[in-house]
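Report on one structure; see the data block that follows.
2 protein chains.
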Amino acid sequence: MSDDRRAPLDATVAGTLAGDLGAAAALMRALDDESPGAREALRAIYPRGGGAFVVGVTGSPGVGKSTLVSALVAATRARGERVGVVAVDPSSPFSGGALLGDRVRMSRHATDAGVFIRSLATRGHQGGLSRATSATVAVLAVAGFPLIFVETVGAGQAELDVADAADVVVVVTAPGLGDEVQALKAGLLEIADLLVVNKGDREGADRTLADLTAMLALGARPAPPLFKTAAARDQGVGELAHALELLRARPAGERAARRRRQAARQVVAIAAERARDRIATGLAENPALAATVDAVAERTLDPWSAADQLAEVLK
Amino acid sequence: MSDDRRAPLDATVAGTLAGDLGAAAALMRALDDESPGAREALRAIYPRGGGAFVVGVTGSPGVGKSTLVSALVAATRARGERVGVVAVDPSSPFSGGALLGDRVRMSRHATDAGVFIRSLATRGHQGGLSRATSATVAVLAVAGFPLIFVETVGAGQAELDVADAADVVVVVTAPGLGDEVQALKAGLLEIADLLVVNKGDREGADRTLADLTAMLALGARPAPPLFKTAAARDQGVGELAHALELLRARPAGERAARRRRQAARQVVAIAAERARDRIATGLAENPALAATVDAVAERTLDPWSAADQLAEVLK
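Set out below in structure tokens:
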């Protein structure tokens, strides 16, 4: 067996570690596709990525997350630091092609080699997206991007994933999205390290701030700091960027408990995703199981008993 | 072993099949909690639930899904039919308590015994919500509710779940949620059997309708029918309800292919969720695996290799 066959991504990994962005992009694609050597490549880079600071940015559609991230990127670039952006779109499970708007909003950084932007959309199921996000963050962290924003629509599993992947979670809302119960669900409040009311120049912004402050006062835990921004006009972004830098400057010891919780969830998620892939592939490849599915479709068998049969056959 | 121990939910199942709503609610709770006998109970009721027509209603936060469902419920009740509503909230993974707004919007039906409303929020992960939704629908279907609305925020896994559980998917949007790229992602368009622009009395509604029509014209498949409603004023709801009835009247043969696809996905989802539970429990119960998680948290081990170790130990 030649060395090439044993570690086909060695050169790509070395290039990534040397800060070659072409190599980093190739490595991300290889990880996405689970190319030969992908696992070894991840194993090689992961231990070196602990120094990057990962900021999750989440919130409902239409609150201006991409515009806010773009403004935070500009603030980062103004102080000369390189920055990575991972834009995760869990609401495009079928086409994977709905990130046009995000790309437009990010276009001010399109020609800046100090900014690396990667869009990810679901392929089939959530687990794959979570895996792709972790892998992309791991590559950016070793390719010379000490600050990484992970932007995702806040709903369901995606916000758990962002909380698992990030050192700090920024939850964004905006006025005019219907009442606050709808616009900012309790689950989002609970994962927020910082809270932002974006589109703060719009009518109703102060009402939204007041409503949020009241909601937070009712909460069990100390309220996260609240910011008002108008990212499209770069208003309030400096204050938010400064708050992020203060959190980033915390000693590593303060982040240890969080990182352990995250590690446990990440490991379970990866193992669970592999189990799911094995099950889906097993069902597709085993013609005997087709009759089981037919029976469920015809309601002569319930899906829970069918899952038992599936687990038994694939054991 | 007494009969009581062998089938502890027999009486509850019998009550549910006889249309006793207290029994149905008790059965739902028992299924949620995975009480002893839950599996047998599902096995007993599932084959009898094939006649119910399940309508999924999904869309971004703030488009007025609950108000629209409430208006559709009123239209159903006006013709004397009983109707079930399952309100699924995947954006409350931690607290499970963000459905207050939905309950307020549904309150016009609170005293009507012909309407059964059940709210579900995630507990920990998406799979559990999907399972709880299927089980709730199965109970409603045999408890005398021939029409069931499943309302969920459209994002990520949740919209796949609603597409898997429903005979028809209604995708709802509204004007004023930011641009259409944000407000109605491609993934949602692709699962829509019917499309609704709600809040149709608002400024920009006709622009939203025109934008959607243009987007749909670009799509690969035939465009789904498009409706304009103002659910809060009961406008346009009759037309939508009529369209649903036409789809409901289709011969069962036309739904067979869809039901088979759904059955396959449902069985995989259940089996995958069980695998995930086994993994999470295994990690929590095996102290030897704590060191593996610590190593990931300290970045001396990558999470992918840790997942391999986990799978090996739990095999």
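Chains as they are written, first to last, in this note's numbering: chain A, 1 to 315; chain B, 1001 to 1315.
All C-beta atoms, glycine included, are put in the ideal place defined by N, C-alpha and C.
Here the structure is a predicted model, which is why all the values come from computation and not from measurement.
{"query": "Spatial neighbours of B:A1138 within its chain, please: CB distance less than 7 Å, with the 5 preceding and 5 following residues excluded, ordered by chain position.", "result": "L1042, I1045, Y1046, G1049"}
{"query": "Are three or more beta carbon pairs between the region 1301–1310 of chain B and the region 259–274 of chain A nearer than 8 Å?", "result": "yes"}
{"query": "How would you label B:V1083, buried or exposed, when you count the other beta carbons within 10 angstroms and need 16 or more for buried?", "result": "buried"}
{"query": "What residues of chain B sit near A:V267, judged by a beta carbon separation below 8 Å?", "result": "L1283, T1292, V1293, V1296, P1303, A1306, A1307, L1310"}
{"query": "Which class does A:S130 belong to by DSSP, given the choice of helix, strand or coil?", "result": "helix"}
{"query": "Below 7 Å on C-beta distance, what does A:T111 contact in chain B?", "result": "Near A:T111 there are no residues of chain B at all, since even the closest Cβ is about 23 Å away, more than 7 Å."}
{"query": "Closer than 8 Å by beta-carbon distance: list the chain B residues that pair up with A:S134, in chain order.", "result": "P1303"}
{"query": "Taking the DSSP output, what are the residues bridged to B:T1058?", "result": "B:T1152, B:V1171"}
{"query": "Please classify A:E254: is it buried, with 16 or more other beta-carbons within 10 angstroms of its beta-carbon, or exposed?", "result": "exposed"}
{"query": "Hey, quick one: how far does the alpha helix (DSSP H) through B:K1228 stretch, first residue to last?", "result": "Not the alpha helix (DSSP H): B:K1228 falls in the beta strand (DSSP E), residues 1226–1228."}
{"query": "Does B:R1221 get closer than 7 Å to chain A when you measure Cβ to Cβ?", "result": "no"}
{"query": "Determine the direct distance from the alpha carbon of A:S60 to that of A:A52, and round the result to whole angstroms.", "result": "26 Å"}
{"query": "Name the residues in the region 1201–1217 of chain B whose C-beta lies less than 7 Å from a C-beta of chain A; which are they?", "result": "none"}
{"query": "Quick one: using the 10 Å Cβ neighbour count with 16 as the cut-off for buried, is B:E1190 buried or exposed?", "result": "buried"}
{"query": "Note down, one range per segment and in chain order, each alpha helix (DSSP H) of at least 4 residues found wholly within the region 23–90 of chain A.", "result": "38–45, 65–78"}
{"query": "Between A:A183 and chain B, is the shortest Cβ-Cβ distance under 7 Å, so that the two count as touching?", "result": "Here A:A183 scores only 43 on pLDDT, less than 50, and its place in the model should not be relied on; the value that follows carries that caveat. By this cut-off, A:A183 is an interface position."}
{"query": "Which residues of chain A have a Cβ atom closer than 9 Å to the Cβ of B:A1391, listed in chain order?", "result": "Because chain B spans 1001 through 1315 in this model, residue 1391 of chain B falls outside it and cannot be assessed."}
{"query": "On a Cα-Cα basis, can you pick out the residue from B:F1227, B:R1207, B:Q1235 that is closest to B:D1193?", "result": "B:F1227"}
{"query": "Are the region 1013–1021 of chain B and the region 306–315 of chain A touching by the rule of at least three beta carbon pairs closer than 8 Å?", "result": "no"}
{"query": "Which word fits A:L218, buried or exposed, when buried means at least 16 other C-beta atoms lie within 10 angstroms of its C-beta?", "result": "exposed"}
{"query": "For a contact defined as C-beta to C-beta under 7 Å, what are the partners of B:I1270 on chain A?", "result": "P303, W304, A307"}
{"query": "Pull the bridge partners of B:R1118 from the DSSP assignment, please.", "result": "B:V1086"}
{"query": "Can at least three beta-carbon pairs, one atom from the region 202–212 of chain A and one from the region 231–242 of chain A, be found at a separation below 8 Å?", "result": "no"}
{"query": "Quick check: what's the CA-CA separation for A:T152 versus A:V171?", "result": "10 Å"}
{"query": "Kindly say whether A:S70, judged by its beta-carbon, lies nearer than 7 Å to any beta-carbon of chain B.", "result": "no"}
{"query": "Going along the chain, which residues of the region 1008–1027 of chain B sit with their C-beta nearer than 7 Å to a C-beta in chain A?", "result": "none"}
{"query": "I think A:T142 touches A:T16, with their Cβ atoms under 8 Å apart; what is that distance to the nearest whole Å?", "result": "Strictly speaking, residue 142 of chain A in this sequence is Val, with Thr absent from that position. Right, their Cβ atoms sit about 6 Å apart."}
{"query": "Which residues in the same chain have their Cβ closer than 6 Å to the Cβ of A:R299, if we skip the five residues on either side of it in sequence?", "result": "none"}
{"query": "The alpha helix (DSSP H) with B:L1283 in it runs from where to where?", "result": "1256–1285"}
{"query": "For the beta strand (DSSP E) containing A:L17, list its first residue and its last residue.", "result": "Premise fails: A:L17 lies in the alpha helix (DSSP H), 10–17, not in any beta strand (DSSP E)."}
{"query": "What are the residues in the region 240–251 of chain A lying within 9 Å of chain B by C-beta distance?", "result": "none"}
{"query": "What's the call for B:N1198, buried or exposed, on a 16-neighbour Cβ count within 10 Å?", "result": "buried"}
{"query": "With DSSP as the reference, label A:L301 as helix, strand or coil.", "result": "coil"}
{"query": "Who are the neighbours of B:S1130 on chain A, taking C-beta pairs under 7 Å?", "result": "What B:S1130 touches in chain A: nothing, since even the nearest Cβ is about 10 Å away."}
{"query": "Give the residues of chain A in contact with B:G1050, contact being defined as C-beta atoms less than 7 Å apart.", "result": "R299"}
{"query": "Check the Cβ of A:S35 against every Cβ in chain B and list those closer than 9 Å, keeping chain order.", "result": "Here the premise fails: no neighbours, minimum Cβ distance about 14 Å."}
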